[in-house]
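Only one structure is covered here, and it is reproduced in the block below.
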Amino acid sequence: MDRKTFQVPNIGCDGCVRTIKTELSELPGVNRVEADVKTKTVTVEWDNPANWQQIKDTLKEIDYAPAEG
Numbered sequence: 092m093d094r095k096t097f098q099v100p101n102i103g104c105d106g107c108v109r110t111i112k113t114e115l116s117e118l119p120g121v122n123r124v125e126a127d128v129k130t131k132t133v134t135v136e137w138d139n140p141a142n143w144q145q146i147k148d149t150l151k152e153i154d155y156a157p158a159e160g
């Protein structure tokens, strides 16, 4: 299982968190999604067939692109 915690600068409310959790949870292989409004961080755990590029692409599509760095 892979796991990554990253910043998403434009998380501004609980609605943002719900959207991120809903969209990423629908990806096959994503096991867990946690997001925090205060720290603007998201943690994702996944197995195949999900991968980091697919997760990043999904976040970009819904306007919650991860901060690069």
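Here the sequence shown is numbered in the working numbering, starting from 92 and rising by one per residue. Glycine included, each C-beta is placed from N, C-alpha and C at the ideal position. Computed from a predicted structure; not experimentally measured.
Self-check item: Proximity to Asp93 [Cα-Cα], best of Val99, Ala126, Ile102, Trp137
Solution: Against the sequence shown, residue 93 aligns to sequence position 2. The candidate whose alpha carbon is nearest that of Asp93 is Trp137.
Practice problem: Specify the secondary structure class of Lys131 as computed by DSSP and reduced to three states. | Solution: Taking the first residue of the sequence shown as position 1, residue 131 is located at position 40. Note: Lys131 maps to coil in three-state DSSP.
Quiz item: Among Ser116, Lys151, Ala126, which one has its Cα closest to the Cα of Cys104?
Solution: Numbered from 1 along the sequence shown, position 13 holds the residue referred to as residue 104. Checked all of Ser116, Lys151, Ala126; the closest Cα to Cys104 is Ala126.
Exercise. Would you kindly work out how many angstroms separate the C-alpha atoms of Lys147 and Thr130, rounded to a whole number?
Key: As a position in the sequence shown, residue 147 is number 56, starting the count at 1. As a position in the sequence shown, residue 130 is number 39, starting the count at 1. If you take the alpha carbons of Lys147 and Thr130, they lie about 19 Å apart.
Quiz item: Is the beta carbon of Val121 less than 8 Å from the beta carbon of Tyr155?
Solution: For the purposes of this step, residue 121 is taken as residue 30 along the sequence shown, with counting starting at 1. For the purposes of this step, residue 155 is taken as residue 64 along the sequence shown, with counting starting at 1. No, Cβ-Cβ distance for Val121 and Tyr155 is not below 8 Å.
Quiz item: If you draw a straight line from the C-alpha of Ile153 to the C-alpha of Thr132, how long is it?
Solution: As a first step, residue 153 is located in the sequence shown; it is residue number 62 there, counting from the start. As a first step, residue 132 is located in the sequence shown; it is residue number 41 there, counting from the start. Using only the alpha carbons, I get a separation of about 16 Å.
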